Amino acid sequence: MKIAYIDIQNFRRLKNCRINFSEKETVFVGANNSGKTTAMDALILFFKNKTTFTTRDFTLSNWTQINLIGESWIKSANKDDIDLSIQKWEELLPSIDVWLDVNPNEIHYVKHLIPTLDWDGGSLGVRLRYEPTNLEELYKEFTSIFKNSKSLSLIQNTKEDGKGKSKVKELNLWPKDMWDFLDKNPNKFFTIKTYLLDPSKKDSTQKLTEDNLPIETNAFSGLIKIDIINAQRGFSDVN
Numbered sequence: 527m528k529i530a531y532i533d534i535q536n537f538r539r540l541k542n543c544r545i546n547f548s549e550k551e552t553v554f555v556g557a558n559n560s561g562k563t564t565a566m567d568a569l570i571l572f573f574k575n576k577t578t579f580t581t582r583d584f585t586l587s588n589w590t591q592i593n594l595i596g597e598s599w600i601k602s603a604n605k606d607d608i609d610l611s612i613q614k615w616e617e618l619l620p621s622i623d624v625w626l627d628v629n630p631n632e633i634h635y636v637k638h639l640i641p642t643l644d645w646d647g648g649s650l651g652v653r654l655r656y657e658p659t660n661l662e663e664l665y666k667e668f669t670s671i672f673k674n675s676k677s678l679s680l681i682q683n684t685k686e687d688g689k690g691k692s693k694v695k696e697l698n699l700w701p702k703d704m705w706d707f708l709d710k711n712p713n714k715f716f717t718i719k720t721y722l723l724d725p726s727k728k729d730s731t732q733k734l735t736e737d738n739l740p741i742e743t744n745a746f747s748g749l750i751k752i753d754i755i756n757a758q759r760g761f762s763d764v765n
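If you use my numbering, the sequence shown corresponds to residues 527 to 765, in order.
In structure tokens, the structure reads:
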């Protein structure tokens, strides 16, 4: 069994990136700011440091759409008119698709990941996605805090100007938008969820439907190990 490749989506500068793995060693080579460290950080966050995501781990351009979702929540007078489905967020969320090549005699290692009863080895795909834990709870807390903040954003200065009129000063209170709200602690509202993918569609980026439910088990427990060696500058030093 081996990792055939991974697809990274919506993680920092990597909007959609595929990394093919060799049989033994895979080395990332490229110019500065080409995404080498970003790819490594994606592996570390999704497989090892799962609760250390920040808002900077989302692709920057996606925040425009995420903030628009927040604006639509604020402007809607009726909660029932709001789309609180995960499909609204799907193309904006950081995720990794991991594709394994599994031999028939190795199926017992991945029995918790078998997509269908007739699957008997070959390609096996799993998506790890950083997504809202509970969209309704996120909606309630964001809209409540945002509206309370705006109700306090105008204060009246007790001093009068030369014309006998009171001055009004506007305060920029937290949060100004969805990004600002989540920036304090995204891991309070987001978590990594795991989904099985369809092996027959492995050559394309699959869209999940409402029928795709996350699995509860740790998908890669005992299968993938991540260790980190921090950047070194002295490998050429014989001492």
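Positions of the beta carbon are idealized from the N, C-alpha and C atoms, including for glycine.
None of these values were measured; they are calculated from a predicted model.
Task: Phe584 versus Pro658: straight-line alpha-carbon distance, rounded - done: As a working mapping, residue 584 is identified with position 58 in the sequence shown. As a working mapping, residue 658 is identified with position 132 in the sequence shown. If I take the Cα positions, the gap works out to 13 Å.
Open item on the list: Taking the beta strand (DSSP E) that Ser649 belongs to, which residues open and close that run?
Closed with: The residue labelled residue 649 in the question sits at position 123 within the sequence shown. Per DSSP, Ser649 belongs to the beta strand (DSSP E) from Gly648 to Pro658.
- [ ] Hey, could you find the ends of the beta strand (DSSP E) Phe672 is sitting in?
- [x] Reading the sequence shown from its first residue, position 146 is the one you call residue 672. Run containing Phe672: none in the beta strand (DSSP E); it sits in the alpha helix (DSSP H), Leu661 to Ser677.
TODO: Let me know if Phe746 comes out buried or exposed under the rule of 16 or more other beta-carbons within 10 Å of its beta-carbon.
DONE: For the purposes of this step, residue 746 is taken as the residue at position 220 of the sequence shown. Buried: at least 16 other Cβ atoms inside 10 Å.
Open item on the list: Please list the terminal residues of the continuous beta strand (DSSP E) segment that includes Ser602.
Closed with: Indexing the sequence shown from 1 puts residue 602 at position 76. Taken as a continuous stretch (DSSP letters only), Ser602 belongs to no beta strand (DSSP E), as it is neither H nor E.
Open item on the list: Quick check on Ser621: does DSSP put it in helix, strand or coil?
Closed with: The count along the sequence shown starts at 1 and reaches residue 621 at position 95. Ser621 falls in the strand class under three-state DSSP.
Task: Selected residue, minimal CA-CA separation from Asp567, among Lys550, Gly760, Ser762 and Ile752 - done: Position 41 of the sequence shown, counting from 1, holds the residue named residue 567. For the residues Lys550, Gly760, Ser762 and Ile752, the minimum Cα distance to Asp567 belongs to Ile752.
TODO: Taking only the alpha-carbon atoms, compute the straight-line gap between Asn674 and Cys543 and give it to the nearest angstrom.
DONE: The residue labelled residue 674 in the question sits at position 148 within the sequence shown. The residue labelled residue 543 in the question sits at position 17 within the sequence shown. Roughly 41 Å separates the two Cα atoms.
Task: Proximity of Trp705 and Thr577 at Cβ, strictly below 8 Å - done: Taking the sequence shown and counting its residues from 1, the one referred to as residue 705 is at position 179. Taking the sequence shown and counting its residues from 1, the one referred to as residue 577 is at position 51. Going by C-beta atoms, Trp705 is not nearer than 8 Å to Thr577.
Open item on the list: Please state whether the Cβ-Cβ distance between Leu654 and Phe572 is less than 8 Å.
Closed with: Mapped onto the sequence shown, residue 654 falls at position 128. Mapped onto the sequence shown, residue 572 falls at position 46. In this structure, Phe572 lies closer than 8 Å to Leu654 by Cβ.
- [ ] Determine the burial state of Leu639: buried for a count of at least 16 other Cβ atoms within 10 Å of its Cβ, exposed for fewer.
- [x] The residue you call residue 639 lines up with position 113 of the sequence shown. Counting Cβ neighbours within 10 Å, Leu639 comes out buried, since at least 16 surround it.
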